[in-house]
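Using the UniProt record's numbering, you'd call the opening residue of the sequence shown number 1 and step up by one each time.
Every residue gets a Cβ at the ideal spot worked out from N, C-alpha and C, and that includes glycine.
Everything numeric in this text was worked out from a predicted model, so none of it was measured.
To start, the structure under review is shown below, and the notes come after it.
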Amino acid sequence: MYNSSAADGAANTVSGSRVFIYEVVGLRQNEETDKTNYPIRQSGSVFIRVPYSRMNQEMRRITRMGGKIASIHSLSADGAVNGSSVMKMKASKSQGNGAVATSATTTSEGNAIKSDDQKLNSEKKGKPMTQAKAKEAHADVPVNIYRPNAPFVGKCVSNEELVGEGGIGTVRHLIFDISEGDLRYLEGQSIGIIPPGTDKKGKPEKLRLYSIASTRHGDHVDDKTVSLCVRQLEYKHPETGETVYGVCSTYLCHLELGADVKITGPVGKEMLLPSDPNVNVIMFATGTGIAPFRAYLWRMFKDEEKAANPDYEFKGFSWLIFGIPTTPNILYKEELEEIQQKYPDNFRLTYAISREQKNPQGGRMYIQDRVAEHADELWKMIQQENTHTYICGLKGMEGGIDEALSAAAAKDGVDWMDYQKQMKKAGRWHVETY
């Protein structure tokens with residue numbers, strides 16, 4: 001994320017006029033430690049614009065918030081496309097800890113940005129790659145082609161309801177035309193959406209991040225669109241009891257066909273799908289956390305996608321455990337079940353329908369209950385060096401997943417949390433929760 005407000009106060013000197021980009025990991029945000037309004041996600045990479053005159057002050061603030069500086073780059077603008085300044089990054093000596101982020105981040109309304117340049121698992125030797133090799137593997141990943149101060153303006157070409165009759169809430173599948181710009185992306189990345197209007201302070205609304213729900217080729221497999229899966233945020237105000245609606249999610253869910261939409265990004269490298277077609281992929285999702293996994297499954301199994309990617313033929317095994325409240329809330333139900341029926345040897349689909357199914361204790365069936373039910377099978381898969389595990393959705397499911405897998409690992413005398421840390425270092429454990 002970029003903090004556009006950080007560029008003020010530069011001195012009238014050559015050095016003072018320079019602006020730097022801090023890549024920061026591990027930040028926490030609360031009222032006491034950070035008074036800014038830009039969204040920060042749990043344990044992910046955050047990118048902050050800092051003028052030369054404020055560098056030391058910003059370093060101290062980051063330290064107070066528990067963050068670590070992964071890299072610092074000087075910034076210069078060069079050219080413009082569709083109103084977007086194309087930035088050139090010049091490497092500068094890192095001033096902080098060279099930590100590499102390994103888990104995800106998110107905003108209150110979206111579901112997106114992940115960590116950058118994490119260590120990947122070596123396909124040949126099964127050993128963690130060095131940080132340099134990990135960065136080399138991510139060298140061609142598109143990031144921040146369009147920035148908040150100069151977004152791409154796309155058009156809405158489709159806006160359809162995903163929740164069936166009798167379901168809870170509203171979730172929309174939106175498709176945006178991006179054919180007039182240079183926006184490109186990969187499965188597992190996110191884009192930012194800037195809603196129109198101003199906030200309560202009279203300032204322009206800030207962007208919200210959403211995981212992309214389509215493959216790099218788009219739903220029409222013509223490289224001209226990008227898709228999102230958006231739930232309208234709605235809740236009761238704790239004091240007044242008034243119904244409050246999310247600004248950006250409401251804007252998107254009611255977006256009319258042909259309407260312009262401001263798009264930034266793409267961002268994120270934490271949730272990228274490995275290029276190796278022989279990997280196993282475990283996916284834990286709740287609600288709209290299904291978005292990146294829909295993109296994975298399309299790339300793996302859709303006939304049109306397979307035709308568009310002759311160099312990629314998925315030969316591994318993927319397992320999706322999907323938590324939803326009711327059957328009508330199973331997003332992309334027909335697509336998922338069609339893939340399961342067509343590729344039973346390569347894809348397994350498991351639902352956890354909380355308001356319709358019961359766990360062994362007689363309570364609601366949540367995703368962590370399904371993980372506990374299949375913990376031994378999952379643990380066996382996870383131990384294979386070609387298995388990648390992804391978690392996307394509500395943060396509350398992480399603890400239950402860890403508890404279930406801890407019990408399974410303990411049977412083999414393995415400490416789960418230690419093993420999970422090793423997986424993160426090897427780039428095989430990917431998390432995006434909010």
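Query: If you compare alpha carbons, which of 269, 285 and 339 is closest to residue 298?; Result: 339
Query: Please list the terminal residues of the continuous alpha helix (DSSP H) segment that includes residue 250.; Result: 247-253
Query: Per the contact definition of three or more C-beta pairs closer than 8 Å, is the stretch 233-249 in contact with the stretch 302-313?; Result: no
Query: Does DSSP put residue 406 in a helix, in a strand, or in coil?; Result: helix
Query: With three or more C-beta pairs closer than 8 Å as the rule, is the stretch 362-377 touching the stretch 327-339?; Result: no
Query: Any idea what DSSP makes of residue 174, helix, strand or coil?; Result: strand
Query: Could you tell me how far apart the beta carbons of residue 142 and residue 266 are, in whole angstroms, since I believe they sit closer than 8 Å?; Result: 6 Å
Query: Cα-Cα, which of 191, 190, 206 and 189 is closest to residue 197?; Result: 206
Query: For residue 312, collect the residues of the same chain with a Cβ closer than 6 Å to its Cβ; drop the 5 residues on either side in sequence, then sort them by chain order.; Result: 277
Query: Tell me whether residue 432 sits in a helix, a strand or coil according to DSSP, three-state version.; Result: strand
Query: Please go through the same chain and pick out, in chain order, the residues whose beta-carbon is closer than 6 Å to the beta-carbon of residue 285, but skip the five residues on each side of it.; Result: 293, 322, 392 and 393
Query: Contact defined as beta carbons within less than 8 Å: I believe residue 328 pairs with residue 164. What is the distance between those atoms, to the nearest angstrom?; Result: 3 Å
Query: Compare the C-alpha of residue 227 against each of 233, 218 and 234 and name the closest.; Result: 218
Query: Just how far apart, CA to CA, sit residue 385 and residue 431?; Result: 18 Å
Query: Would you tell me roughly how many angstroms separate the C-alpha atoms of residue 373 and residue 358, rounded to the nearest one?; Result: 12 Å
Query: Under 7 Å Cβ to Cβ from residue 420, same chain only, skipping five residues before and after it: list those, please.; Result: 429
Query: Just to confirm before moving on: does the CB-CB distance between residue 368 and residue 397 stay below 7 Å?; Result: yes
Query: In angstroms, rounded to a whole number, what distance separates the CA positions of residue 55 and residue 167?; Result: 50 Å
Query: Within 10 Å of its beta-carbon, does residue 344 have 16 or more other beta-carbons around it, so buried, or fewer, so exposed?; Result: exposed
Query: List, from N- to C-terminal side, the beta strand (DSSP E) runs of 3 residues or more that fit wholly inside the stretch 141-228.; Result: 152-161, 171-177, 190-194 and 208-211
Query: Have a look at residue 230 and residue 252 and give me their C-alpha separation to the nearest angstrom.; Result: 7 Å
Query: Could you check whether residue 271 and residue 192 sit closer than 7 Å to each other, using their CB atoms as the reference points?; Result: no
Query: Distance, Cα to Cα, residue 349 vs residue 225?; Result: 27 Å
Query: In whole angstroms, what is the alpha-carbon distance linking residue 155 and residue 403?; Result: 44 Å
Query: Kindly indicate the opening and closing residues of the beta strand (DSSP E) around residue 51.; Result: 46-51
Query: If you follow the alpha helix (DSSP H) that residue 292 is in, where does it begin and where does it stop?; Result: 291-301
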